[in-house]
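Asks: Numbering (our numbering), first residue to last: 7 to 528. C-beta atoms are modelled at their ideal positions from N, C-alpha and C, and glycine is treated no differently.
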């Protein structure tokens with residue numbers, strides 16, 4: 007029964023390939039092909055669901071060995087990466103639960119997306135996402151989990167920008183994609199540090215040697231994976247991206263940000279329970295971040311005026327409570343909380359379009375009087391505590407300015423030195439052309455303008471300056487050349503510009519990154 011773990015993610019992947027190839031070659035097109043696409047997707051995910059349930063049942067009966075290896079994928083020196091899968095425990099429970107929710111969302115999407123432009127594209131991405139999430143929860147090593155992690159993130163980007171002709175959709179999708187890359191960097195760093203100190207990337211082996219890992223090492227590993235989990239499961243300061251992600255169709259919002267993908271960060275933390283137990287500082291950090299996120303989401307959710315925004319902040323609030331539970335060591339409670347929340351939130355997001363019909367005659371509960379009259383809190387809540395503008399000023403603008411400066415350096419320095427051809431609207435593209443331009447045009451700088459004086463004192467200083475100018479022209483300029491003087495002046499101007507640049511906030515990011523890299527290398 008352990009071998010079923012291979013087929014569970016493989017079937018949705020094959021369905022995605024069939025739908026994609028059929029649509030690419032014009033075999034599955036338009037409304038007449040909707041039935042074919044929906045049938046392929048539904049049957050693939052349904053069979054995968056039955057296999058996940060069978061794997062879970064055999065695991066509960068004690069028939070599974072715990073890990074199934076399908077072979078070796080990569081071997082380099084002491085690094086060996088197996089294609090292995092977890093066949094018992096919480097991973098199989100989540101695989102079964104997620105597959106059931108994926109079947110429900112797939113069936114719901116058939117009617118919801120009927121006659122929508124991009125119907126086949128939607129089901130292609132949905133099948134690919136299903137395969138990625140099942141790989142994520144069943145993979146027995148960090149590399150397989152990261153592959154599923156990345157593909158799921160890519161599918162999220164593609165479905166947020168489903169209506170790619172709308173600028174808001176593409177902007178939100180790009181913002182969400184870039185934000186999640188911060189968490190991905192933490193994941194990659196965590197994998198590297200894990201292999202450096204434990205010489206393994208298998209989850210089982212890592213957890214088994216957790217007792218022998220020192221507290222500082224466990225803290226570094228846990229902190230890297232905690233950052234990845236915070237970004238994926240919308241904990242502060244990454245919470246605002248979830249509101250932007252609701253731009254996609256309702257079925258994708260339900261499966262990504264209500265039922266399945268948004269819980270990946272919590273699952274990662276629960277999977278690495280032994281490592282986090284060895285890092286009390288990171289557990290305290292998780293508890294604090296989870297509590298603050300829950301409070302923030304509660305306050306902001308009170309002022310939202312549309313149902314999907316209200317649900318997204320309710321989701322981030324519950325996820326914050328899950329991180330609080332993990333930080334307090336309540337791992338079993340967090341596991342059950344995750345499963346229950348996935349079911350309830352998936353149902354709520356799917357029924358969001360019919361909210362007005364469902365709440366007819368059901369009065370809305372008023373806000374507590376204790377907080378209803380606090381105006382400053384209302385303003386901060388409706389503005390979502392200005393997290394997006396703060397992120398723009400502290401991260402986006404400095405990085406954007408750094409990119410602009412690097413582009414300027416490439417265009418005006420590198421291209422000139424290398425002699426790379428440039429557009430006529432740009433500056434000179436080689437040092438030879440630059441020299442010809444300087445010799446062929448009069449310099450904007452006129453030394454006589456600076457030394458021209460007025461009055462007796464001014465004339466005295468002007469005559470003195472003319473005397474020194476004559477001395478410099480006869481003995482210095484004719485001795486070493488005007489080009490050397492111009493070069494020295496240009497170097498002085500460049501030094502002044504460089505001094506101004508390094509004082510800009512965006513270069514603090516580079517400075518901190520370089521210091522961290524040097525510290526890690528040491």
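(1) Suppose you measure from the CA of residue 410 to the CA of residue 499; what does that come to, to the nearest Å?
(2) With DSSP collapsed to three states, give me the class of residue 21.
(3) Check the C-beta distance from residue 322 over to residue 240 and give it rounded, since I have them as a contact under 8 angstroms.
(4) For residue 21, count the other beta carbons within 10 Å of its own beta carbon; 16 or more makes it buried, fewer makes it exposed. Which is it?
(5) Apart from the five residues on each side of it in sequence, which residues of its chain come closer than 8 angstroms, Cβ to Cβ, to residue 249?
(6) From what residue to what residue does the beta strand (DSSP E) around residue 92 run?
(7) Could you check where the beta strand (DSSP E) with residue 80 kicks off and where it finishes?
(8) Take every Cβ of the stretch 85-95, pair it with every Cβ of the stretch 20-40, and state whether three or more of those distances are shorter than 8 angstroms.
(9) Spell out the partners DSSP gives residue 208 in its beta bridges.
(10) Tell me whether residue 284 is buried or exposed, calling it buried when 16 or more other Cβ atoms sit within 10 Å of its Cβ.
(11) With a floor of 3 residues, list each beta strand (DSSP E) that falls wholly inside the stretch 218-269, ordered by position along the chain.
(12) Would you identify the three-state DSSP class for residue 34, choosing helix, strand or coil?
(13) How far does the alpha helix (DSSP H) with residue 113 in it reach, from first residue to last?
(14) Could you check whether residue 168 and residue 255 sit closer than 8 angstroms to each other, using their CB atoms as the reference points?
(15) Between 9, 242, 177 and 415, which lies nearest to residue 301 when the distance is taken from Cα to Cα?
(16) Hey, quick one: how far does the alpha helix (DSSP H) through residue 387 stretch, first residue to last?
(17) Flag this pair as touching only if the stretch 333-352 and the stretch 223-239 have three or more C-beta atom pairs under 8 angstroms; answer yes or no.
(18) Quick one: residues in its chain with C-beta nearer than 6 angstroms to the C-beta of residue 44, no 5 flanking neighbours on either side, listed in chain order?
(19) Roughly how many whole angstroms lie between the Cα atoms of residue 313 and residue 369?
(20) Using 7 angstroms as the cut-off, classify the Cβ of residue 203 as near or not near the heavy atoms of the ligand FMN, replying yes or no.
(21) Can you say whether residue 432 is buried or exposed, counting buried as having 16 or more other CB atoms within 10 angstroms of its CB?
(22) Spatial neighbours of residue 14 within its chain, please: C-beta separation below 8 angstroms, excluding the five flanking residues on both sides.
(23) By the 10 Å Cβ neighbour count, where 16 or more other Cβ atoms means buried, how is residue 496 classified, buried or exposed?
(24) Give me, in chain order, the residues of the same chain whose beta-carbon lies closer than 6 angstroms to that of residue 155; leave out the 5 immediate sequence neighbours on both sides.
(25) Using the Cα positions of residue 457 and residue 247, report the straight-line distance between them to the nearest angstrom.
Replies: A quick look at the data gives this:
(1) 20 angstroms
(2) Residue 21: helix per DSSP, three-state reduction.
(3) 5 angstroms
(4) buried
(5) 315, 318, 319 and 390
(6) That run of the beta strand (DSSP E) goes 85-92.
(7) 73-82
(8) Result no; under three Cβ-Cβ pairs closer than 8 angstroms.
(9) 147
(10) buried
(11) none
(12) coil
(13) 96-118
(14) yes
(15) 242
(16) 381-388
(17) Put simply, the stretch 333-352 does not touch the stretch 223-239. Fewer than three CB pairs are less than 8 angstroms apart.
(18) 116
(19) 15 angstroms
(20) Among the ligands in the structure shown, none appear at all, so the ligand FMN cannot be discussed.
(21) Note on residue 432: pLDDT 46, under 50, position unreliable in the model; the coordinate value appears next. Result: exposed.
(22) 54, 57, 58, 61, 101, 105, 140 and 144
(23) Counting Cβ neighbours within 10 Å, residue 496 comes out exposed, since fewer than 16 surround it.
(24) 142
(25) Annotation note: pLDDT 47 at residue 457 (below 50); position unreliable, coordinate value reported separately. Linking residue 457 to residue 247 through their CA atoms gives a straight-line distance of about 60 angstroms.
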